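Peer 1: Before anything else, here's the structure in question.
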Amino acid sequence: MARNSQASSKSLFTAELIVPAIGDAFRKLNPKELIRNPVMFTTAVVALLLTVLLVVGQDGLGIGFKLQLVIWLWLTVLFGTFAEALAEGRGKAQAASLRATKAELTAKRVKGAIDSGVVEDVPASALRKDDVVLVQTGDLIPSDGEVIAGVASVNEAAITGESAPVIREAGGDRSAVTAGTRVISDEIRVKVTVNPGQGFLDRMIALVEGAERQKTPNEIALTLLLVGLTIIFLIAVGTIPAFATYAGGSIPVSILAALLITLIPTTIAALLSAIGIAGMDRLVRFNVLAKSGRAVEAAGDIDVLLLDKTGTITIGDRQATEFRPVGGIDVRELAEAALLASLADETPEGRSIVVLAREKFGLDLAALPAGAEVIPFTAQTRISGVDTGGRVVQKGAVQAILKANPGAGSTAAATELRRITDEIARAGGTPLAVAVDGTLLGAIFLKDIVKAGIRERFGELRAMGIRTVMITGDNPLTASSIAAEAGVDDFLAEATPEDKLALIRKEQQGGRLVAMCGDGTNDAPALAQADVGVAMNTGTQAAREAGNMVDLDSDPTKLIEVVGLGKQLLMTRGALTTFSVANDVAKYFAIIPAMFVALYPGLGVLNVMGLGTPESAILSAIIFNALIIPLLVPLALKGVKYKPMGAGPLLARNLAIYGLGGLLAPFLGIKLIDLAVNGIGLA
């Protein structure tokens with residue numbers, strides 16, 4: 001994870017980021033861009049009005065005072081657009097490095113049958129969905145796809161930042177490959193799963209640039225609140241001239257404009273978009289791609305985490321370690337049947353069965369008999385095997401084998417098979433039953449390996465108040481053993497895709513937000529249903545498409561950081577909103593007495609800051625209103641630090657820091673600015 005630490009420690013204010021952001025800040029003054037932020041649009045309209053009045057207006061105010069107001073109002077708008085541009089600029093810098101990996105690639109497109117040796121060199125942009133390409137040692141994978149033949153080591157450093165190669169192979173849940181990654185050994189045939197411009201890397205580039213960022217529900221709700229407050233204050237300010245006339249005086253338009261800008265919530269409005277962009281950017285820098293800001297927000301509120309066992313909690317490469325026959329069956333006969341049933345099985349488990357049978361018993365069967373029909377594995381049947389015409393050889397989950405052969409369930413062999421499989425399950429392994437023509441031969445012991453350090457990570461999730469549930473197709477005994485070793489709170493055994501969906505819907509109906517981690521095609525429906533669906537990058541294309549987040553490191557415990565970043569996004573928005581509203585109160589004490597002191601001299605007692613003159617008070621408030629935005633940009637981009645604690649203490653801490661701080665900072669800041677303004681004679 002070296003890349004992440006470097007990215008996080010890099011200064012926010014480098015020339016490479018600031019110079020383009022300044023240019024983008026001016027481009028964002030385009031009304032079509034600015035109208036997306038109604039509060040800053042209102043500020044720009046007011047600044048434009050005062051600019052016009054500066055030239056043609058005669059309202060009794062000095063030209064120098066009005067010029068300063070105009071300058072600081074435009075700076076307020078520019079600081080707001082600069083905050084958004086700087087946040088987007090960090091994403092664009094990330095996108096530039098990704099785009100460098102997506103230079104025009106060439107591909108060896110297979111002509112004719114999938115196993116054909118005839119290939120043609122074509123540009124990667126000419127590839128279409130369902131094309132098959134040959135990728136050999138040293139080649140860059142030209143398009144997103146699924147490995148349909150072969151096994152190879154792939155360097156995915158261009159995507160994940162990690163230099164350690166990964167295995168990509170046909171079958172199982174490690175078949176997905178990404179454009180721009182390099183094959184460093186052997187060769188594979190890849191079926192293209194996307195059309196040009198629609199690949200995983202293309203979407204990553206668009207997302208980190210902010211081109212596809214949409215406002216989240218919370219962000220929209222806050223924007224509507226800010227718009228509502230702006231309208232209310234606009235109406236309130238609009239009534240002041242009549243009130244002043246009734247009192248026997250008048251208030252210049254420039255002063256009314258200054259009052260409006262200090263009343264409306266410009267600070268949080270200027271930073272709101274930057275907070276959302278930075279939240280997604282922090283995920284990308286942590287090697288997690290969020291397809292929407294809504295998913296990031298939801299991650300901060302999840303209550304239940306569902307994890308697929310194989311490839312998520314366990315390493316995923318279950319290895320056959322032993323053949324255990326039932327009474328009266330020779331172990332060699334069981335090994336021969338298991339070998340025959342596994343010859344067409346391209347999963348790591350299937351290949352390990354073939355290797356074990358050959359190494360332990362010297363079996364040399366290399367191919368299926370002529371005319372044999374393969375029985376493919378499905379999530380519903382949970383059985384695979386072969387029909388040679390003379391006999392049917394099956395292997396699969398114990399209950400599935402017994403269900404497919406009703407007559408075998410009541411035999412003595414079935415009783416012994418259950419005893420054997422219970423022993424395997426209690427040892428933390430996965431048993432696969434083997435049957436020939438309905439006769440039970442025994443079981444294969446597949447060993448699961450729990451990922452290192454995962455138990456401690458689940459403990460951290462528990463401390464956050466998140467309940468973890470392991471989902472597996474294994475029998476309850478095996479599931480219980482793995483769950484205990486991994487440290488999850490609960491498990492669902494013998495789960496079908498329908499069972500996963502039902503569990504998620506049940507939790508959601510109870511008012512809980514659910515996150516799901518998975519990597520297989522059979523996880524896709526559950527990933528799509530979950531509030532936060534985190535797909536492993538090592539998983540299938542279907543899983544990556546279904547999830548609303550993709551973990552490029554394929555580490556299920558990364559959800560701890562995802563949750564923390566989600567909470568950080570929510571806390572940052574809440575903290576800066578609290579600060580913005582609180583510092584508006586201080587600005588009222590500065591500008592309102594200054595406006596009305598001529599009409600009502602008694603209001604001078606509200607000048608608690610002891611500001612020099614009405615003009616300096618108004619100018620100081622406007623200057624502070626502008627300067628506070630760039631001062632808060634680092635906090636908006638880095639985010640408020642999250643520490644696991646209860647909601648009550650967390651709220652109290654934030655109110656003390658950002659509520660009280662929001663009240664005190666403007667009093668001090670405006671007073672210092674007023675001293676400077678009066679000291680150099682600006683007002």
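First residue of the sequence shown: 1, per full-length UniProt numbering; consecutive thereafter.
Quick reminder that beta carbons are idealized off the backbone N, C-alpha and C, glycines included.
Bear in mind that the values here come from a model prediction, so they are computed numbers and not experimental data.
1. Compare the beta carbon distance of Val-450 and Ile-628 with 8 Å and say whether it is the shorter of the two.
2. Mind checking who Ala-290 pairs with in its DSSP beta bridge?
3. Report back the beta-carbon spacing between Ala-408 and Gly-438 to the nearest angstrom; my notes put them in contact at under 8 Å.
4. So, helix, strand or coil for Ala-397, using DSSP?
5. Ends of the beta strand (DSSP E) at residue 747?
6. Within the same chain, show all residues whose beta-carbon is closer than 6 Å to that of Pro-593, passing over the 5 residues directly before and after it, in chain order.
7. Could you name the residues of the same chain whose beta carbon sits closer than 6 Å to that of Ile-623, not counting the 5 residues immediately before and after it, in chain order?
8. If I measure Cβ to Cβ from Ile-148 and keep anything under 6 Å in the same chain, skipping five residues before and after, which residues do I get?
9. Around the C-beta of Gly-197, are 16 or more other C-beta atoms found within 10 angstroms, so that it is buried, or is it exposed?
10. My parser needs the alpha helix (DSSP H) runs of 4 or more residues fully inside the segment 296 to 361; what are they?
11. When burial is assigned at 16 or more other CB atoms within 10 Å of the CB, is Thr-216 buried or exposed?
12. How about Leu-283 and Val-562: are their beta carbons less than 8 Å apart?
13. I'd like to know whether the C-beta atoms of Ile-424 and Phe-458 end up nearer to each other than 8 Å.
14. Pick out whichever of Gln-68, Lys-558, Arg-128 and Gln-399 has its Cα sitting closest to the Cα of Glu-456.
15. Would Pro-634 be called buried (16 or more neighbouring beta carbons within 10 Å of its own) or exposed?
16. Starting from the Cα of Asp-139, find the closest Cα among Asp-422, Ala-107 and Val-122 and give me that residue.
17. Quick check: what's the CA-CA separation for Ile-22 versus Phe-82?
18. Since Phe-445 sits in a beta bridge, which residues does DSSP pair it with?
19. Contact check, residue 685 vs Ile-680 under 8 Å by CB: the rounded distance?
20. Which parts of the segment 583 to 638 are runs of the alpha helix (DSSP H), unbroken and 4 residues or longer, counting only runs that do not cross its ends?
21. Could you give the residue range of the alpha helix (DSSP H) that holds Gly-385?
22. If you reduce the DSSP assignment to three classes, tell me which class Gly-180 lands in.
23. Out of Pro-165, Pro-142 and Ala-44, state which residue places its alpha-carbon closest to the alpha-carbon of Ser-153.
24. What first and last residue would you give for the alpha helix (DSSP H) that runs through Asp-422?
25. Please state whether DSSP places Gly-27 in a helix, a strand or coil.
26. Going by DSSP in three states, Phe-243 sits in which element: helix, strand or coil?
27. I'd like to confirm the pairing. Which residues does DSSP put opposite Asp-121 in its beta bridges?
28. CB-CB under 7 Å to Gly-618, same chain, minus the five flanking residues each way: which ones, in chain order?
29. Check whether the segment 385 to 404 and the segment 336 to 352 touch, using three or more Cβ-Cβ pairs below 8 Å as the test.
30. Should Gly-564 go down as buried or exposed, given a rule of 16 or more other Cβ atoms within 10 Å for buried?
31. Note the first and the last residue of the continuous beta strand (DSSP E) segment covering Ala-515.
32. Roughly how many angstroms separate the alpha carbons of Thr-310 and Val-39, rounded to a whole number?
33. So, at 6 Å on beta carbons, what are the nonlocal neighbours of residue 686 in its own chain, with the 5 sequence-adjacent residues on each side left out?
34. Following the continuous beta strand (DSSP E) through Ile-471, name the residue where it begins and the one where it ends.
35. In the DSSP output, what is Phe-491 paired with across the bridge?
36. For the segment 173 to 184 against the segment 538 to 555, are there 3 or more C-beta pairs whose distance is under 8 Å?
Peer 2: In this structure, then:
1. In this structure, Ile-628 does not lie closer than 8 Å to Val-450 by Cβ.
2. Here Ala-290 is bridged, per DSSP, to Met-549.
3. Rounded to the nearest angstrom, the Cβ distance from Ala-408 to Gly-438 is 6 Å, consistent with a contact under 8 Å.
4. The answer is coil: DSSP assigns Ala-397 none of H, G, I, E or B.
5. One cannot answer for residue 747 here, as it falls past the ends of the chain, which runs 1 to 683.
6. Counting only Cβ-Cβ distances below 6 Å, and skipping sequence neighbours, we find Leu-603, Leu-606 and Asn-607.
7. Around Ile-623: Trp-72 and Ile-673.
8. Ala-170, Arg-189 and Lys-191.
9. It is exposed - the Cβ of Gly-197 has fewer than 16 other Cβ atoms within 10 Å.
10. Here the runs fully enclosed are 331 to 342 and 348 to 361.
11. Buried, since its Cβ has 16 or more Cβ neighbours within 10 Å.
12. Yes. Within cutoff.
13. Phe-458 sits away from Ile-424, with the two beta carbons spaced by 8 Å or more.
14. Comparing Cα positions, the closest option is Lys-558.
15. Burial state of Pro-634 is exposed, judged by a 10 Å Cβ sphere holding fewer than 16 other Cβ atoms.
16. It is Ala-107.
17. If I take the Cα positions, the gap works out to 6 Å.
18. Phe-445 pairs with Glu-322 and Pro-431.
19. The requested residue 685 is not part of the displayed model; the chain covers only 1 to 683.
20. Taken in chain order, the whole alpha helix (DSSP H) runs of length 4 or more contained in the segment 583 to 638 are 614 to 638.
21. Not the alpha helix (DSSP H): Gly-385 falls in the beta strand (DSSP E), residues 383 to 387.
22. In the three-state reduction of the DSSP assignment, Gly-180 falls in the coil class.
23. For the residues Pro-165, Pro-142 and Ala-44, the minimum Cα distance to Ser-153 belongs to Pro-165.
24. Counting along the chain, the alpha helix (DSSP H) containing Asp-422 begins and ends at 412 to 426.
25. Correcting the residue type first, residue 27 is Arg in the shown sequence and not Gly. Assigned with DSSP and collapsed to three states, Arg-27 falls in helix.
26. Reduced to three states, the DSSP call for Phe-243 is helix.
27. Looking at the DSSP output, Asp-121 shares a beta bridge with Lys-108.
28. Inspection of the sequence shows that residue 618 is occupied by Ile rather than by Gly. Excluding five sequence positions before and after Ile-618, the CB atoms of its chain that fall closer than 7 Å to its own CB belong to Ile-255, Ala-258, Ile-591 and Ala-594, given in chain order.
29. As far as the Cβ criterion goes, the segment 385 to 404 touches the segment 336 to 352, which means the pair count is three or higher.
30. It counts as buried.
31. Counted as a single uninterrupted DSSP element, the beta strand (DSSP E) harbouring Ala-515 occupies residues 514 to 518.
32. Answer to the nearest angstrom: the Cα atoms are 50 Å apart.
33. The structure shown does not extend to residue 686, since the chain spans only 1 to 683, so no value can be given for it.
34. Segment 467 to 471, the beta strand (DSSP E) holding Ile-471.
35. When beta bridges are read from the DSSP output, Phe-491 appears opposite Met-470.
36. The segment 173 to 184 is in contact with the segment 538 to 555.
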